[in-house]
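Asker: Please find one structure pasted underneath; my questions will follow.
Residue numbers (this note's numbering): 1000 to 1182.
Okay, here's the thing in structure tokens:
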């Protein structure tokens, strides 16, 4: 569950894209390595995981939701966040929901295993490995800031990862200016 691991280098590298004090959702958060990272930087954090032990472990950091997001309803329907973080997790039926959870001006930081990983370890099932360009396609509604698809060492793994932002809402347009007529 990544309980004693440091936050992902990818998440740390791109965390500056999250607005100061912004809300952060960590999907399949495990023991909260990324929640802790953002909590320590004064972000309001929400974690969702199906393991009650993980939820109990992170409950002091912010909102902690125990839910089986693969077999039950999305527990955050209608909510959006300034950042959505996903690492080492893939459930394709939720990709669109995860992307939709990024608020206007918000960021998606996603990193998970890709095709090729079956040659070096687990996961090895195609269900859990992104196809070439799949993450880019899932994030088409966002502006990609950074994307990588390839092999990493220590530990050896194949990954896709993306940092992508949603356009902010347009500011309301100012009323038209009428020229001042002096007598």
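Every residue, glycine too, gets a C-beta built ideally from N, C-alpha and C.
When the Cα atoms are used, what is the spatial distance from residue 1123 to residue 1157?
Answerer: Distance between residue 1123 and residue 1157, taken at the CA atoms: about 11 angstroms.
Asker: With C-beta atoms as the reference, is residue 1064 less than 8 angstroms away from residue 1045?
Answerer: yes
Asker: Would residue 1198 and residue 1161 be called neighbours here (beta carbons separated by less than 8 angstroms)?
Answerer: Coverage of the chain is limited to positions 1000 through 1182, which leaves residue 1198 absent and any answer about it impossible.
Asker: Whole angstroms are fine: how far does the CA of residue 1118 sit from the CA of residue 1061?
Answerer: Cα-Cα distance, rounded: 38 angstroms.
Asker: Which stretch, first to last residue, makes up the alpha helix (DSSP H) that contains residue 1012?
Answerer: 1008-1013
Asker: According to DSSP, is residue 1119 helix, strand or coil?
Answerer: Here residue 1119 sits in coil by DSSP.
Asker: In the DSSP assignment, find the beta strand (DSSP E) that holds residue 1159 and state where it starts and stops.
Answerer: 1156-1164
Asker: Consult DSSP for residue 1052 and reduce its assignment to one of helix, strand or coil.
Answerer: helix
Asker: What is the DSSP secondary structure of residue 1067, reduced to helix, strand or coil?
Answerer: coil
Asker: With a threshold of 16 other CB atoms inside 10 Å of the CB of residue 1152, please say whether the residue is buried or exposed.
Answerer: exposed
Asker: I'd like to know whether the C-beta atoms of residue 1084 and residue 1033 end up nearer to each other than 8 angstroms.
Answerer: yes
Asker: When you compare each of 1130, 1012, 1014 and 1006 to residue 1089 by their alpha carbons, which one comes out closest?
Answerer: 1130
Asker: Excluding the 5 residues preceding and the 5 following residue 1022 in the sequence, name in chain order all residues of the same chain whose CB lies nearer than 6 angstroms to its CB.
Answerer: 1043, 1080 and 1081
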